[in-house]
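The number in the working numbering is simply the position in the sequence shown, starting from 1, with 322 added.
Cβ atoms here follow ideal geometry from the backbone N, Cα and C, with glycine treated the same way.
Accompanying notes for the structure given below.
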Amino acid sequence: MAGSMPFRAAVIATLLLGGARGAVTHSRFVCGQQTSVSTSTSEDAAGTAEFSEIITEDGKCNMIQNGGVKSVKFCGPGKLVLSRMTCSEHHEYKAQVVEHSSSEYTTNCETIPLAGTVVEGWLGSFTTTC
């Protein structure tokens, strides 16, 4: 019975550490659960944009590389950088930057039409930071 005590301690430690690590690495929220980014490449029969949420992390560059994105929905606080470039090739160069202050944006969203912006016709990548 005495030999099983170190084994139990090891199992408990593994469960505790594994649970804590899982809670951090599996978080999909960038600046809190209210912040999200979605893109639209299509409309429904009534002409209303249909959005698909993109799961990301704070400061992570997300490759989109899509010429069909017509608008981006940015919800909650944070800074959104939209770029024609890839993540590794000058992501910040002539980027479209949208900032939401935490006092003005809590759970509300802004739909950003890409027409007339530097990313019209080609959304290469985006980054969201707090």
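I believe T361 touches I386 by the beta-carbon criterion, under 8 Å. Please report the beta-carbon distance rounded to the nearest angstrom. Residue mapping note: residue 361 aligns to position 39 of the sequence shown, counting from 1. Residue mapping note: residue 386 aligns to position 64 of the sequence shown, counting from 1. The Cβ separation is near 7 Å, so the contact holds.
Nearest candidate by alpha-carbon position, reference S374, set V394, L404, H412, G400: Against the sequence shown, residue 374 aligns to sequence position 52. If we check each option's Cα against that of S374, V394 comes out closest.
Closest by C-alpha distance to T429, when choosing among K392, F396, C383: To locate residue 429, count along the sequence shown from 1; it is residue 107. Residue F396 is the option with its Cα nearest to T429.
Could you check if A417 is buried or exposed, using at least 16 other CB atoms within 10 Å of its CB as the buried criterion? Sequence index remark: in the sequence shown, residue 417 carries index 95 (1-based). When all chains shown are included, A417 counts as buried.
Please state the DSSP three-state secondary structure of S360. Here residue 360 refers to the residue found at position 38 of the sequence shown. Strand at S360.
Where S405 and K392 are concerned, what is the direct C-alpha to C-alpha distance, given to the nearest angstrom? Walking along the sequence shown from the start, residue 405 turns up at place 83. Walking along the sequence shown from the start, residue 392 turns up at place 70. Whole-angstrom Cα-Cα distance: 14 Å.
Locate the beta strand (DSSP E) running through P435, then write down its first and last residues. The count along the sequence shown starts at 1 and reaches residue 435 at position 113. Segment 431-435, the beta strand (DSSP E) holding P435.
Excluding the 5 residues preceding and the 5 following E432 in the sequence, name in chain order all residues of the same chain whose CB lies nearer than 8 Å to its CB. Along the sequence shown, one-based indexing puts residue 432 at 110. Same-chain partners within the cutoff: K395, F396, C397, V420, H422.
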